[in-house]
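To convert, note that position 27 of the sequence shown is 27 in the UniProt record's numbering; the numbers rise steadily by one, no gaps. Positions of the beta carbon are idealized from the N, C-alpha and C atoms, including for glycine.
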Amino acid sequence: MLLADYASDSSTDEQLIEGSTRLQPQKVTLAQIDGPTNNKKRNLLPSLPGDFVPGPNDDPSLHQGRKRTRPFVEGEYSAHIYLKVAPPKALRRTIADLIKHIQALLSPEFKLNSLLSAPPKGQPATAAPIDHDLHVSLTHPLPLVRTRINELRGEVENRLKATQSAKPFRLSFVGDVKCYYNGRRYGGEGEGGRAFMALRVGSGAPEILKIAQDALDPLLQSLHLPTYHKNPEFHASFAWTLLPEEDEHKAKSYKSTPVNQERSSDTASIQAKGDNASSTKIPPLSPFSPEVLDQLNRKFRENILKAQPEGGWIITGVTVKIGNSTSFVPFRETTSV
Numbered sequence: 001m002l003l004a005d006y007a008s009d010s011s012t013d014e015q016l017i018e019g020s021t022r023l024q025p026q027k028v029t030l031a032q033i034d035g036p037t038n039n040k041k042r043n044l045l046p047s048l049p050g051d052f053v054p055g056p057n058d059d060p061s062l063h064q065g066r067k068r069t070r071p072f073v074e075g076e077y078s079a080h081i082y083l084k085v086a087p088p089k090a091l092r093r094t095i096a097d098l099i100k101h102i103q104a105l106l107s108p109e110f111k112l113n114s115l116l117s118a119p120p121k122g123q124p125a126t127a128a129p130i131d132h133d134l135h136v137s138l139t140h141p142l143p144l145v146r147t148r149i150n151e152l153r154g155e156v157e158n159r160l161k162a163t164q165s166a167k168p169f170r171l172s173f174v175g176d177v178k179c180y181y182n183g184r185r186y187g188g189e190g191e192g193g194r195a196f197m198a199l200r201v202g203s204g205a206p207e208i209l210k211i212a213q214d215a216l217d218p219l220l221q222s223l224h225l226p227t228y229h230k231n232p233e234f235h236a237s238f239a240w241t242l243l244p245e246e247d248e249h250k251a252k253s254y255k256s257t258p259v260n261q262e263r264s265s266d267t268a269s270i271q272a273k274g275d276n277a278s279s280t281k282i283p284p285l286s287p288f289s290p291e292v293l294d295q296l297n298r299k300f301r302e303n304i305l306k307a308q309p310e311g312g313w314i315i316t317g318v319t320v321k322i323g324n325s326t327s328f329v330p331f332r333e334t335t336s337v
């Protein structure tokens, strides 16, 4: 039996097609493969269900360097209860000037981000900013499953109506600016890593504490959710910056530095935490030394006091935020104070 003898070297291949026209590769379009569009419909993949959402993107570079305080859990929402305080134009201007002054005092590695004027959520930092109100937190960020969303809202309303201390009051801020730090080390959640500039509540602080103790803490305990600090220092953050990452060994063994006689720390999740006024710790890598704070307060104390409404703000209820949804829950009494 004779076997066909196929040449294996490239030169023989060239000889076999010598004198022939070499075929050139051609581009083939999708339309050529499918044929005329009027005679054949392209098969499409079925669409995804309406409740399908992409997984979270936890890349800090997409969130101004911020990190989650808790790992993402499918079906879990972040809830937050706070007082909303709308600053008048004079206070907005004062805070804007204050932020510029603080930024000028900091080294280039620290970028101060305003919480009163910021790009819309999910938009790049270059997007046009929108105005935001000040928030005075009454709870930590609360992990809430979907089935308990309506329960939390309804129970907040019921508790406020049944609590004698939940009635309108006046709120104002002291003139001094304070720095707060987030993370477990300062009574919050997560690893921390941010510093917050804030205004501390003066008038109205006893009323807020009474509402938290009489209405909100019992509710959170009944739902097995974390309660707020035992001795909170209520405040409203207006700007934040990232802190340099500490060496792991040093972070576990560093000694705290006194700031003053009151606690100066905690606001995680952007205006979503309060703090314990019994401690006096600051991170060793914080740029906000007591000297820096003293300089700021000497310059801006009077302007902050003058820029607030005469007699302060009248607070008539709390705001409940769950995910991206917010609702206002009024106190049991709405009479003026």
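Comparing C-alpha positions only, which one of the options sits nearest to residue i?
{"i": "residue 245", "options": "204, 76 and 109", "result": "109"}
{"i": "residue 144", "options": "152, 202 and 97", "result": "152"}
{"i": "residue 332", "options": "167, 326 and 147", "result": "167"}
{"i": "residue 129", "options": "140, 135, 139 and 113", "result": "113"}
{"i": "residue 305", "options": "199, 326 and 219", "result": "199"}
{"i": "residue 116", "options": "214, 97 and 179", "result": "97"}
{"i": "residue 312", "options": "220, 294, 292 and 203", "result": "203"}
{"i": "residue 105", "options": "165, 286 and 142", "result": "286"}
{"i": "residue 338", "options": "193, 134, 208 and 90", "result": "Shown here, the chain extends from 1 to 337; a query on residue 338 therefore has no answer."}
{"i": "residue 131", "options": "102, 93, 220 and 101", "result": "93"}
{"i": "residue 125", "options": "138, 134, 137 and 111", "result": "111"}
{"i": "residue 298", "options": "224, 101, 88 and 196", "result": "101"}
{"i": "residue 325", "options": "127, 140, 95 and 149", "result": "149"}
{"i": "residue 303", "options": "314, 88 and 78", "result": "88"}
{"i": "residue 208", "options": "291, 171, 218 and 219", "result": "171"}
{"i": "residue 219", "options": "230, 235 and 157", "result": "157"}
Residue i bridges to which residues according to DSSP?
{"i": "residue 170", "result": "314"}
{"i": "residue 199", "result": "177 and 236"}
{"i": "residue 76", "result": "145"}
{"i": "residue 320", "result": "81 and 327"}
{"i": "residue 241", "result": "195"}
{"i": "residue 131", "result": "117"}
In the DSSP assignment, find the unbroken beta strand (DSSP E) run with residue i in it and report its ends.
{"i": "residue 162", "result": "Element bounds for residue 162: not the beta strand (DSSP E) but the alpha helix (DSSP H), 149-162."}
{"i": "residue 328", "result": "325-330"}
If you follow the alpha helix (DSSP H) that residue i is part of, which residue opens it and which one closes it?
{"i": "residue 98", "result": "89-105"}
{"i": "residue 137", "result": "Taken as a continuous stretch (DSSP letters only), residue 137 belongs to no alpha helix (DSSP H), being part of the beta strand (DSSP E) at 134-137."}
{"i": "residue 121", "result": "Residue 121 -> no alpha helix (DSSP H), and no H or E assigned at all."}
{"i": "residue 299", "result": "290-306"}
{"i": "residue 210", "result": "205-211"}
{"i": "residue 217", "result": "217-222"}
Cβ pair count under 8 Å reaching 3, the region 74-87 against the region 307-324: Short answer: they touch.
Touching by the beta-carbon criterion (3+ pairs, under 8 Å), the region 236-243 and the region 211-221: With a cut-off of 8 Å, the region 211-221 and the region 236-243 do not count as touching, because too few Cβ pairs lie within range.
Touch test, the region 171-179 against the region 117-125, Cβ-Cβ under 8 Å, three pairs minimum: They do not touch, by the three-pair rule.
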